[in-house]
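Asks: Questions regarding the structure given below will be posed in turn.
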Amino acid sequence: MEDSKIRELVAAMTLEEKAGLLSGDDFWHTKPVERLSVPGIMVSDGPHGLRKQDDAADNLGINDSIKAVCFPAGCASAASFNRELLEEIGDCLGKECQAEGVATILGPGVCIKRSPLCGRNFEYFSEDPFVASNSAAAFIKGVQKNNVGTSIKHFLANSQEHRRMSSTSEIDERTLREIYLASFESAVREAKPWTVMCSYNKINGTYAAANKKFLTDILRDEWGYDGVVMSDWGAVDERVDDLAAGLDLEMPGCHGVRDKEIVKAVAEGRISEKYVDESAFRILKWVYKYEENKCPRSNWDRMEHHKKAVKAAEETIVLLKNDNVLPLAREEKVAFIGQYAVKPRYQGGGSSHINSMYVSAAMDYVKENGYDNVSFAPGFNDRLDTLNEDELKYAVELAEKSDKVVVFAGLPDSYESEGYDRRHMNLPKAQLELIDELTKVNDNVTVVLHNGSPVLMPFINKVKGVVECYLSGEGVGAATAKILFGEVNPSAKLAETFPLKLSDNPSFLYYFGEGDRTDYREGIYVGYRYYDKKEMDVLFPFGYGLSYTTFEYSDLRLSSERITDEETLKVSCKITNTGSMTGKEAVQLYVGACDGEYVLRPVKELKGYEKLELKPGETKEVSFELGKRAFAYYDVDISDWYVNDDDYEIMIGASSRDIRLCGSVRVTPVNRKPVHFTVNSTCGDIMKNEKCKQAVMDFAARYMVIFSNDDGNAGEAMSEEMVRAQVEYLPLRAVVNFSLSEVITTEQVEEFVDKLNKLANS
Ligand code: BGC
């Protein structure tokens, strides 16, 4: 419907009808306005499958939803480093939404994995905003090309479940911009999600739902977002304040309670009716965008989507360790041990929980595909803390007589879920004991992990293989078996760091905060940005993942040695498959900004990635384009992105710790930051400005005693270094004290500062 028609519709509504539109009708629907034939539309969770509930509705995954396909959760799909795959998953979900009459799916989740402990990490993509935002953009495009919407969530800084409805995330501006906002920004700008869901928490003391700075000033005014902002379920505190801040829709329904508050506030002149009109306009636009394009009788092929879920899982499973133990050979006697081989854990708990159509188990796949040398032992029961003696004995005996052992381990449902955070990174003790016992009797043990977030691996040196399945959806079993037997070459890479221990994580000291206050004191140093800067060993670095083939990187080319921040740098290189199996490689581009005195920068930041498929011996070229944002940091003094005039390292790697090619480019800002010296500016800082250098040296030489060369006692007391440091750190105003030759007044210093500012900005 044209905007003008929607405006007419809004004008035809009573204040009560408009206010009514601004909250849900129930758990999953917007309100219809029957008098004007305005329909209500339905939303459903998300993100990695359709969780459409019919009757008994709840948002915590308690009641049943329709049968649907469970695709890999965010933790896994991001590990594919494959935008096309995410778009395809989105496309499947968009089709399912259309067929089921769902106008918008509640996802993707792009919150940053600040700590491995966050209970909802499995739903989120990455510790890195570039991966998170790119994955989200692809997913959104895939869903929305079917004329149904998405709801990117949870805006903003919802990186913990602990006290999620009352805590405040205290974050400095630069960190917000570079990390927490950045994971939303390009997805919002590029892919234009139909809706944005605000988070439960506060940001710097104000609930996300009431936070005008984020909902309006940044989201709408800066990023140009014109869709609907809805609340997370129950995130509204003061409805009228939230409306003024930019929150259009309260979810779920509030039984009319808050609609009345809005009407009253307008009547009493506490809020202008224009806020009600604007939100009603946006909601109606969304309603009709769906209504006018809906295809209720559209069909989707369940089996086809299941197959796509298997394909997706194949690209999301990360091979972490392989000491010549994988792939398994058909002739080898292999023991699959662990209950997840027959009943995999493949999704997390809470609002994203899918009532899966078919779940593939690795054991089923091997039976159905003639891998007759595979036997099975349950090994453990993930509901029990201890091992059953008989089961352990059986598993150990089986391991003893097998050539190779694959342990299907992982975190039980109760260990990670929406609603609470983990308190440690351990696998259950029983599983660790089992792995330990098995490695005593068999030298060829591989551990296959099912978990939504990193775990510690005390067994890492005792096993020969580790396969990280994450929670890769209902296709997990078939995909795992195909990877184990080499039918599929693994190609996923970690979108997060696996630390050696929890206390290594940069948020460790502050993660749970104090009461309702969580300070994000590690700032921009999240994930690999921190581990790299600290030069710390990690268990597995960001971007890491093995393949059954090998890739060679060569021929790095940069389009220029020097660009301005308004130009684009083109970077290309060649990748060759030097092994004997077709495989895919996720090539990563990192930019390293010089670690300046004025701006703290991470050693490197991901600014590009591409995934290529290569046959043995094949070479392909991969190219990237880097614009201003690839080099910029957020400068709080000018409240904008800024590129320092500097050399920047361009690093192409197979992981964040495996850089294969390096180049460098000089980037110069076209519009330099205005320089503003004061009487407190140091001589050193002023001297770094080419235009002012001479002036300040003359000034200092003329008046300041510490510039005089004394060969006597004083000279001995002051080393050259000390003199240099004295001058460097000396504020100009101190010339009043240190002038020996004549009396200098404050006014004279101020005049000189004026002169410097004119010179610097000339
Ligand atoms: C979750 C959201 C979800 C909503 C609806 C909330 O508790 O935080 O992610 O979309 O419920 O189920």
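When the letters of the sequence shown are read in order and numbered with my numbering, they come out as residues 2 to 763.
Backbone N, C-alpha and C fix where the C-beta goes; we use that ideal spot for every residue, glycine too.
Remember, predicted model here, so these are calculated numbers, not experimental data.
#1: Expressed to the nearest angstrom, what Euclidean distance is found between the alpha-carbon atoms of residue 734 and residue 604?
#2: Across which residues does DSSP place residue 339 in a beta bridge pair?
#3: Pair every Cβ in the segment 86-105 with every Cβ in the segment 130-148, then say whether three or more of these pairs are closer than 8 Å.
#4: Would residue 75 pass as a contact of residue 252 if the rule is Cβ separation under 7 Å?
#5: Between which two residues does the alpha helix (DSSP H) holding residue 531 run?
#6: Does the segment 156-168 touch the segment 111-118, meaning 3 or more C-beta pairs lie closer than 8 Å?
#7: By the three-class DSSP mapping on this structure, what secondary structure does residue 589 have?
#8: State the CB to CB distance for the pair residue 244 and residue 230, rounded to an integer number of angstroms; the pair is presumed to be in contact (CB under 8 Å).
#9: Can you tell me whether DSSP reads residue 130 as helix, strand or coil?
#10: Any chance the CB of residue 555 is under 6 Å from a heavy atom of the ligand BGC?
#11: Tell me whether residue 191 sits in a helix, a strand or coil according to DSSP, three-state version.
#12: Measuring only the C-alpha atoms, how far is residue 16 from residue 289?
#13: How would you call residue 143, buried or exposed, if buried means at least 16 neighbouring beta carbons within 10 angstroms?
#14: With respect to 6 Å, is the separation between the Cβ of residue 233 and the closest non-hydrogen atom of the ligand BGC below this value?
#15: Quick check: what's the CA-CA separation for residue 68 versus residue 357?
#16: Note down, in chain order, each residue of its chain lying with its Cβ closer than 8 Å to the Cβ of residue 750, except the 5 sequence neighbours on either side.
#17: What is the DSSP secondary structure of residue 684, counted as helix, strand or coil?
#18: Using a Cβ-based criterion (distance less than 6 Å to any ligand heavy atom), does residue 107 qualify as near the ligand BGC?
#19: When DSSP labels each residue in this structure, what does residue 496 get in the three-state scheme?
#20: Which residue marks the beginning of the beta strand (DSSP E) containing residue 518, and which one marks its end?
#21: Can you check which of these residues, 541, 570, 426, 571, is closest to residue 504 by C-alpha distance?
#22: Kindly indicate which three-state DSSP category residue 248 falls into: helix, strand or coil?
#23: Since residue 562 contacts residue 667 with CB under 8 Å, what's their CB separation in whole angstroms?
#24: How long is the line joining the alpha carbons of residue 377 and residue 467, rounded to whole angstroms?
#25: Taking the straight line between their C-alpha atoms, what separation do you get for residue 708 and residue 695?
#26: Could you give the first and the last residue of the continuous alpha helix (DSSP H) run that contains residue 436?
#27: Is the beta carbon of residue 81 closer than 7 Å to that of residue 317?
#28: Bridge partners for residue 447 per DSSP, in chain order?
#29: On a Cα-Cα basis, can you pick out the residue from 682, 723, 728 that is closest to residue 704?
#30: To the nearest angstrom, how far is it from the Cα of residue 31 to the Cα of residue 511?
#31: Can the beta-carbon of residue 613 be found less than 7 Å from the beta-carbon of residue 623?
#32: DSSP has residue 610 in a bridge; who is on the other side?
#33: Just checking, does the segment 454-474 make contact with the segment 336-347 on the three C-beta pairs under 8 Å criterion?
#34: Is the Cβ-Cβ distance between residue 601 and residue 625 less than 7 Å?
#35: Given that a residue counts as buried once 16 or more other Cβ atoms are within 10 Å of its Cβ, and exposed if not, what is residue 324?
Replies: Based on what the coordinates show:
#1: 36 Å
#2: Answer by DSSP bridge pairing: none, since residue 339 is not bridged.
#3: yes
#4: no
#5: 529-534
#6: yes
#7: strand
#8: 10 Å between Cβ atoms; not a contact.
#9: helix
#10: no
#11: helix
#12: 20 Å
#13: buried
#14: yes
#15: 6 Å
#16: 680, 733, 734, 736, 737
#17: helix
#18: yes
#19: coil
#20: 518-520
#21: 426
#22: coil
#23: 7 Å
#24: 19 Å
#25: Residue placement at residue 708 cannot be trusted, given a pLDDT of 49 that sits under 50; the coordinates are not used to answer.
#26: 430-442
#27: yes
#28: 407, 466
#29: 728
#30: 39 Å
#31: yes
#32: 589
#33: yes
#34: no
#35: exposed
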